[in-house]
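Undergrad: One structure, as structure tokens, below. Some questions next.
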Amino acid sequence: MKRSDVRKVNIFKKLMQVLTNVLFTLYMIIMAGLILITAQSRFTGMEPSLFNHRIYIVDSGSMSPTILKDSMIIVKELEPQDVKEGDIITYYGSQSSVKVTHRVVEVQEQGKSFITKGDANETNDPLPLEGEKIIGKVVFI
């Protein structure tokens, strides 16, 4: 092997080692952040939130095939007046402990109420959704 080839291999190995260390460090920072957020939510009773984003697991298949049951979603907190037709939103259901994720099919009263529907459902949800029950918009599935 030529001397220049040996140098190239050594440089590549060093770069890979640095990249591995950076990725591992980022992973550890993210994991520590998630642990802190989870601990905070346990002690305060509030839902965990990081930079106005929340993580949920979907409990039903009402949004199939767009969002499958047991999928993880990331929801960005959002004001009701910023919700548009076609947005997939998460909101407090009729029981405040239950969160629902459905698509907005109609905006009413200039964003004060909404008609929603699960993609897998044949009909719209029976009652209009009040804007103050909205948690946010799904930004990642």
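Count the sequence shown with the working numbering and you get residues 16 to 156, in order. We treat Cβ as the ideally placed atom computed from N, Cα and C, and that holds for glycine.
Let me make sure I understand the geometry here. Which of 22, 24, 152 and 25 has the alpha-carbon closest to that of residue 89?
TA: Taking the sequence shown and counting its residues from 1, one reaches residue 89 at position 74. Taking only the C-alpha atoms, the option nearest residue 89 is 152.
Undergrad: Just verifying my parser: in three-state terms, what is the DSSP assignment at residue 128?
TA: Here residue 128 refers to the residue found at position 113 of the sequence shown. Three-state result, residue 128: strand.
Undergrad: In angstroms, rounded to a whole number, what distance separates the CA positions of residue 135 and residue 76?
TA: Within the sequence shown, numbered from 1, the residue matching residue 135 stands at position 120. Within the sequence shown, numbered from 1, the residue matching residue 76 stands at position 61. C-alpha separation (whole angstroms): 7 Å.
Undergrad: Consult DSSP for residue 84 and reduce its assignment to one of helix, strand or coil.
TA: Working through the sequence shown from its first residue, we reach residue 84 at position 69. Three-state DSSP puts residue 84 in coil, outside helix and strand.
Undergrad: If the criterion is Cβ atoms closer than 7 Å, does the pair residue 128 and residue 147 meet it?
TA: The residue given as residue 128 occupies position 113 in the sequence shown. The residue given as residue 147 occupies position 132 in the sequence shown. Against a cut-off of 7 Å, the Cβ pair of residue 147 and residue 128 comes out as no contact.
Undergrad: Given this structure, state the Cα-to-Cα distance separating residue 73 from residue 37, to the nearest angstrom.
TA: The sequence position of residue 73 within the sequence shown is 58, counting from 1. The sequence position of residue 37 within the sequence shown is 22, counting from 1. Taking the straight line from one Cα to the other gives about 32 Å.
Undergrad: Once the 5 residues before and after residue 114 are set aside, which same chain residues still bring their CB inside 8 Å of it?
TA: Within the sequence shown, residue 114 is the residue found at index 99, counting from 1. The residues are 71, 105, 106, 107, 108 and 150.
Undergrad: Would you say residue 119 and residue 131 are within 7 Å of each other, going by their C-beta atoms?
TA: Against the sequence shown, residue 119 aligns to sequence position 104. Against the sequence shown, residue 131 aligns to sequence position 116. Yes, Cβ-Cβ distance for residue 119 and residue 131 is below 7 Å.
Undergrad: Measuring only the C-alpha atoms, how far is residue 91 from residue 23?
TA: Position 76 of the sequence shown, counted from the start, is the residue given in the question as residue 91. Position 8 of the sequence shown, counted from the start, is the residue given in the question as residue 23. Residue 91 and residue 23: Cα-Cα distance of roughly 45 Å.
Undergrad: Given residue 95, which residues of its chain have a CB within under 6 Å of its CB, disregarding the five upstream and five downstream residues?
TA: Counting from 1 along the sequence shown, the entry for residue 95 is found at position 80. Once the five neighbours on either side are set aside, the close Cβ partners of residue 95 are 126, 146 and 149.
Undergrad: Excluding the 5 residues flanking residue 172 on each side, which residues of the same chain have their C-beta closer than 8 Å to its C-beta?
TA: Nothing can be reported for residue 172: it is not among the residues displayed for the chain, which extend from 16 to 156.
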